[in-house]
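The listed protein sequences correspond, in order, to chains A and B. Using the UniProt record's numbering, the first residue of the first sequence is number 1, and each one after it goes up by one. Using the UniProt record's numbering, the first residue of the second sequence is number 1, and each one after it goes up by one.
Number of protein chains: 2
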Amino acid sequence: MDAAEFRRRGKEMVDYVADYLENIEKRQVYPDVEPGYLRSLIPEEAPEEAESYEDVFKDIERVIMPGVTHWHSPYFYAYFPTANSFPAMLADMLCGAIGCIGFSWAASPACTELETVMLDWLGKMLKLPEDFLAGTEGRGGGVIQGTASEATLIALLAARSKIVKLIQADHPDRSETHIISKLVAYSSDQAHSSVERAGLIGGLRMKKIPTDNKFSVRGDALQKVLEEDRATGLIPFFFCATLGTTPSCAFDCVTELGPICNAEKIWMHIDAAYAGSAFICPEFRPLLNGIEFADSFNFNPHKWLLVNFDCSAISYVISHLISLQHWQIPLGRRFRSLKIWFVFRMYGLKGLQAYIRKHVGLAKEFESLVRADQRFEISADVVLGLVCFRLKGSNELNETLLKRINNARKIHLVPCQLAGKFVLRFAVCARTTESRHVQEPETDALTCHASKLFNVFNHIFILCFSHLNTHSTS
Amino acid sequence: MDAAEFRRRGKEMVDYVADYLENIEKRQVYPDVEPGYLRSLIPEEAPEEAESYEDVFKDIERVIMPGVTHWHSPYFYAYFPTANSFPAMLADMLCGAIGCIGFSWAASPACTELETVMLDWLGKMLKLPEDFLAGTEGRGGGVIQGTASEATLIALLAARSKIVKLIQADHPDRSETHIISKLVAYSSDQAHSSVERAGLIGGLRMKKIPTDNKFSVRGDALQKVLEEDRATGLIPFFFCATLGTTPSCAFDCVTELGPICNAEKIWMHIDAAYAGSAFICPEFRPLLNGIEFADSFNFNPHKWLLVNFDCSAISYVISHLISLQHWQIPLGRRFRSLKIWFVFRMYGLKGLQAYIRKHVGLAKEFESLVRADQRFEISADVVLGLVCFRLKGSNELNETLLKRINNARKIHLVPCQLAGKFVLRFAVCARTTESRHVQEPETDALTCHASKLFNVFNHIFILCFSHLNTHSTS
């Protein structure tokens, strides 16, 4: 394919992408395929001879789309959102064309420099303490990782290096292996599985701190475990606080935890993968109070800030590191900061704030629908865009409800476990109508979306009702 | 930005991308900017209000392009190639629109399944042993990683788990920490820095095996170190063989090393990040002989197989792992296999082979230019697309030559150290004329490129000559 054909095919693809996203709600949100469906639809080997683009293009609808879970459908309420915006897609096209591998400044100065400045933009939007900013001669700074999993691992490894160095300064005779064998890291019992995995990868002992009835780690809970562990000769060195847990969007109490970590010389990393984006709104910024005690902070603009995956931002307080290649696992890196630059400029801070607020508003609206129905209960505080709810009654009842909801294929939800209870998670995910709303605040996009929400609830209601009938007669 | 505006802006961007790549050789390959250049060109904070797309678009040329190292310029001969093709860019647009996060089968069945089948396509193209293929009930399979760094780390961690399990089966009393403290992993002294970093991340002892005069690890060299280490109570468990080293594209002798690793129960991982793509040509496939002894194999289609970054393929012999999320560091993943699918179908195996052969041919041509000039010497066997060369004489002389070459900004090269000598690396990188050549084999694209090569050599020649004069009179 030469440049001339790319001009033609690229424009067709732009239209295909626009069509896909404009009409996504007509597609079934969750696919009907069975595991292994795809292999039989395509040849077993790559073709010897080149095929025509028409043949490849045709196969998007024949082979791919039947097996896609449509994350950007307005009927998708599963997991947490993943971002998808037109400005980010335009930036990604440019990123692909430049196709540089920014593993050092010289490998592409613009790639390294825009990333540094964009992480400062992000830090300022979140009102991070000065220490987290690079500036022209700052003591901190940030870098884009692929995912929060990588960010947690990097923070854990940085903390491991720091504590080993610190201990060896006082005890030059103690080997690194010996010190590492005594280390212990902590996180909430609600923390994402990737935190535990980071410990496994780094070969480090990791313990979970029990949470209170709001699913939040409190200072006294950490203090208790620290004392027990110190008494047995272990060396606490790392605490991963979560702001906005995956199951219920709960917040660890970092204003209590931070001073303890600082006093005990424990690296405090804050994982705000989902919730972090909301901190750009003044009314949600207090949720980040205590950040001044943290050593590193991570959140995913690719979740809720309209920057397409992958774009996970980590900021550090003080870095002794010089080159970006010491800040991450992979050596090579794409020019991902272009996405942040395009999105932030095309939406503006106000547009991004409006987007967050709209999602939170929709969650609150769904919450009130649930509360208005006596058969349901809300399972955790609704703080941002996630509503955890269930039918009053057994786990079995709720498992059946979820199965019916997902089998009906009209909307898509995933569950969680909260204090032993099977709970349904309703996460506001789709941007589909959001961009229009941001751009044309006078339209009735919000109203449209709200009425969609009633449909969703109605759908759950019908499934629930038919189930309860079945249940009572069985 | 709504879908209607995206249709317009997307098509403009397609044209911008096509223009950029069609005219890339008119841009200076390496930028003139000084560190910190970008910060002063843009505001210190994200804008409050949304900006117009025109303003953002204008800034691509004002802010970004002056700081770009143009990896796809035909004057770029630095590092190793990174792929950039039109079919891959089209697939990436589709990937962005679908925007799924494939962390499990249910999260997007098509994403998981196409990746599995594409890794089988790759494996078959390379004629990997059956054990590396997933098939419908295979014992192996592959997964896409971001970079070879991640692949090496994953292989090392898999090997670490395996040896710990194996030892604990015989000695249930030995703790994991104790076992890990005795483990030792190996690689070539020519191995990429990421191999050493993988050891640091995993908290594992790592040693470098000395290479022979071809910069290749031989069986006896490994055997010697193994015996020494076993004698001191260490437990060898992992060897990372490199096929196509970064400095000189040397090949470890895996036909000698493999049987040793198998006999000693050492996990052999093969890192063929750059060279792996060439193994799709029957004439280069013998370089992979010995693969039958390996436990895992990695190469980067994003280097030399026309699939844009990031796309690093790792294949395993036997996997006890069920979900893709256990095969990698990050949990989330983009729909990267679309790029492989588009590229392999649009080029066909023959087109991809022609592309590899053309690059190797160009390297051979450059080699003969160097050999024809008595002042130069070739520093390592030219096997694929990399030529290591230098002026006969001191390191200082060659450092000055490289500085002059890069300061002249006409072409871009990077150096390496080989056996204490400062050496210039000439890597054939650009696809710029390749795609045309593949698509229209009757054109004179090759001739064009060859004449460009003479220009490059002429450029080096002139710089070298003026230097030698200066040198002899000083």
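Where a beta carbon is used, it is the ideal one built from N, C-alpha and C, also for glycine.
- Residue contact check for B/G146 against chain A: a CB pair falls below 7 Å.
- Chain order gives no chain A residues near B/P210, where near means a beta carbon separation below 7 Å; the closest approach is about 24 Å.
- Among the residues of chain A, none has a CB under 8 Å from the CB of B/A169; the nearest is roughly 19 Å distant.
- A direct Cα-to-Cα measurement between A/C429 and A/W304 gives close to 8 Å.
- Across the set A/E54, A/C261 and A/K162, the C-alpha of A/C261 shows the shortest separation from the C-alpha of A/C240.
- Taking 7 Å as the upper bound on Cβ-Cβ separation, chain A lies near residues F342, F344, R345, M346, Y347, G348, L349, K350 and G351 of the region 342 to 355 of chain B.
- Taking a Cβ-Cβ threshold of 8 Å, the residues of chain B close to A/R334 are F309 and D310, in chain order.
- When the beta-carbon positions are compared, A/S188 and A/D252 come within less than 7 Å of each other.
- Counting other Cβ atoms within 10 Å of its Cβ, B/P210 stays below 16 and is therefore classed as exposed.
- Note that the region 336 to 347 of chain B touches the region 87 to 94 of chain B; at least 3 beta-carbon pairs, one per stretch, sit closer than 8 Å.
- Here A/N289 is exposed. Its C-beta has fewer than 16 other C-beta atoms within 10 Å.
- In terms of Cα proximity to B/L352, the closest of B/S181, B/S85 and B/E228 is B/S85.
- At least one CB atom of chain B sits nearer than 7 Å to the CB of A/A110.
- Residue contact with chain A for B/R27: absent (no Cβ-Cβ distance below 7 Å to any residue of chain A).
- Residues of the region 38 to 55 of chain A with a Cβ closer than 7 Å to any Cβ of chain B, in chain order: L38, R39, I42, E45, A46, P47, E48, E49, A50, E51 and Y53.
- Our two residues, A/T147 and B/P109, have alpha carbons roughly 20 Å apart in a direct line.
- Flagged as an interface residue toward chain A: B/V33, by a C-beta distance shorter than 7 Å.
- By the Cβ test, the region 40 to 49 of chain B is not in contact with the region 31 to 43 of chain A, since fewer than three Cβ pairs between them sit closer than 8 Å.
- For A/T152, the uninterrupted alpha helix (DSSP H) segment begins and ends at A148 to D170.
- Contacts with chain B (Cβ-Cβ distance below 7 Å) from the region 114 to 127 of chain A involve L114, V117, W121, K124 and M125, listed in chain order.
- When secondary structure is reduced to three states using DSSP, B/R375 falls in the coil class, being assigned neither helix nor strand.
- Approximately 13 Å separates the beta-carbon atoms of A/P66 and A/V29; this is outside 8 Å, ruling out the contact.
- Boundaries of the alpha helix (DSSP H) around B/C95: F86 to I98.
- Secondary structure of B/I144 (DSSP, three-state): strand.
- B/I270 and B/V382 have their C-alpha atoms roughly 21 Å apart.
- The region 177 to 247 of chain A is shown to contain whole beta strand (DSSP E) runs of 3 or more residues at 183 to 188, 205 to 209 and 235 to 242, in chain order.
- Comparing alpha carbon positions, the residue from B/D15, B/P47, B/N23 and B/Y16 closest to A/F342 is B/P47.
- Per the coordinates, the alpha-carbon of B/R230 lies some 19 Å from the alpha-carbon of B/K165.
- Here the region 131 to 147 of chain A does not lie against the region 347 to 361 of chain A, with fewer than 3 beta-carbon pairs under 8 Å apart.
- What A/L90 touches in chain B, judged by beta-carbon distance under 7 Å, is R9, G10 and M13, going in chain order.
- Judged by their CB atoms, A/S149 and B/P330 are nearer to each other than the 7 Å cut-off.
- Per the Cβ contact rule, the region 196 to 208 of chain B is in contact with the region 152 to 164 of chain B (3 or more Cβ pairs under 8 Å).
- With fewer than 16 other Cβ atoms from the protein chains shown falling within 10 Å of its own Cβ, B/K403 counts as exposed.
- The shortest CA-to-CA distance from A/G258 to any of A/E49, A/A250, A/D220 and A/N395 is the one to A/D220.
- When the five nearest sequence neighbours on each side are left out, the beta carbons in the same chain lying within less than 6 Å of the beta carbon of A/L386 are those of C249 and A427, in order along the chain.
- Of all residues in the region 266 to 299 of chain A, none has a C-beta nearer than 8 Å to a C-beta of chain B.
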